[in-house]
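Be aware that the sequence shown starts at 113, since it is given in my numbering, and climbs by one per residue.
One structure is given here, and the rest of the page talks about it.
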Amino acid sequence: MTMQATITQSILQHDWHFPLWQLLNPRQYTRWVLLSLLGGTLLGWGIALWFGAPLWMSTFVVLLVLMPVGVQKWRDDRVRYGGLVMLLSIVLTTQGVHTIEHFAQWTQYHILYLTMRQSNGLLSPANAEWVHFVWNWIVLLVIAALVIGGMRNGWAWLLLAIAIAHTFEHTYLFVRYLAVLRELRELGIEDVTAQGLAGIVGRDGWLARCSITQLAFLRRIPGLATANRIDVHFWYNAFEMSFLLIAGHVFLRDRWRMA
Numbered sequence: 113m114t115m116q117a118t119i120t121q122s123i124l125q126h127d128w129h130f131p132l133w134q135l136l137n138p139r140q141y142t143r144w145v146l147l148s149l150l151g152g153t154l155l156g157w158g159i160a161l162w163f164g165a166p167l168w169m170s171t172f173v174v175l176l177v178l179m180p181v182g183v184q185k186w187r188d189d190r191v192r193y194g195g196l197v198m199l200l201s202i203v204l205t206t207q208g209v210h211t212i213e214h215f216a217q218w219t220q221y222h223i224l225y226l227t228m229r230q231s232n233g234l235l236s237p238a239n240a241e242w243v244h245f246v247w248n249w250i251v252l253l254v255i256a257a258l259v260i261g262g263m264r265n266g267w268a269w270l271l272l273a274i275a276i277a278h279t280f281e282h283t284y285l286f287v288r289y290l291a292v293l294r295e296l297r298e299l300g301i302e303d304v305t306a307q308g309l310a311g312i313v314g315r316d317g318w319l320a321r322c323s324i325t326q327l328a329f330l331r332r333i334p335g336l337a338t339a340n341r342i343d344v345h346f347w348y349n350a351f352e353m354s355f356l357l358i359a360g361h362v363f364l365r366d367r368w369r370m371a
């Protein structure tokens, strides 16, 4: 047995009780994570103060400064735990950041009483239909890869189901977005975007407008045909992140306990 295999075996024998903490713990990179976060925050704040840059640019700077240490940590995860667990580490981290963005939008709308259009979160350029479409397809493919690779438990199947539903929702939204954008251009309207359209569920969505009587019972489920877009996608993401955390915990616990 090689030295690396011995070290890995020793680690796996002791960390299966709290597997997500062990996986997401930056370990020897903790100092660099904190320094990068502090440096990125100060740099972003300075850019906003001196150049009048918008909030999203400061957020982008923080993420950019954190990226190198994140990549190095994920490389170590691959050496320590293998490619599949590294993939889980990446999607947990990135979806965690994505969840913060949705929480920021929810707070802006419900707590700060900004308008729906103003509630763009911390990274407003990313609040675009094509970004949501691409992002959710990437997340779905990663989750599918995790399931195919061995992350198969009840929570993982629920995660896959909600990810499929969420991705289908954004695919429907993207198709509608392109159709409305085309109609606007045919009318000679070039300076208005088609962002913020209703999707399948929620207020003014397909389900709320659907005349199929067999689906009438779905409209009686609280919020399914009445929630605004921010709430719809906040809860989509909340369920998706929750199932990801639980599925990842169960997968790693069982995998490492048997190691």
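Cβ atoms here follow ideal geometry from the backbone N, Cα and C, with glycine treated the same way.
For clarity, every value in this text was computed on a predicted model and none was experimentally measured.
Using only CA atoms, which one of Ala-273, Phe-286, Trp-218 lies nearest to Trp-247? Phe-286
So, with DSSP's three-state summary, where would you put Glu-302? coil
DSSP state of Asn-232, grouped into three classes? coil
Buried or exposed: where does Met-179 fall if 16 or more other Cβ atoms within 10 Å of its Cβ makes it buried? exposed
If you draw a straight line from the C-alpha of Ala-275 to the C-alpha of Leu-252, how long is it? 6 angstroms
Mapping the DSSP letters down to three states, classify Met-263 as helix, strand or coil. coil
CA-to-CA distance, Thr-283 to Gly-261, given in whole angstroms: 25 angstroms
Over what stretch of residues does the alpha helix (DSSP H) that includes Thr-211 continue unbroken? 195-222
Rounded to whole angstroms, what's the CA-CA distance from Ile-333 to His-361? Just pull it up for me. 30 angstroms
Tell me whether the region 132-147 and the region 167-183 touch, counting them as touching only if at least three CB pairs, one residue from each stretch, are closer than 8 angstroms. yes
List the whole-angstrom C-beta distance separating Leu-293 from Val-313, where the pair is believed to meet the contact cut-off of C-beta under 8 angstroms. Contact doesn't hold; Cβ gap of about 22 angstroms is too wide.
Cutoff 8 angstroms; reference Phe-351; Cβ partners in own chain excluding five residues on either side: Ile-274
Backbone CA spacing between Met-353 and Gly-164 [nearest angstrom]: 34 angstroms
Note down the Cα distance separating Leu-270 from Cys-322, rounded to an integer number of angstroms. 26 angstroms
Within 8 angstroms, do at least three Cβ pairs link the region 150-165 to the region 215-234? no
Which residues mark the beginning and the end of the alpha helix (DSSP H) in which Asp-366 is found? 341-369
Taking the straight line between their C-alpha atoms, what separation do you get for Gln-307 and Arg-367? 43 angstroms
Alpha helix (DSSP H) containing Val-313: first to last residue? Neither: Val-313 is in no alpha helix (DSSP H) and is coded neither H nor E.
Whole-angstrom distance between Leu-357 and Leu-272, CA atom to CA atom: 13 angstroms
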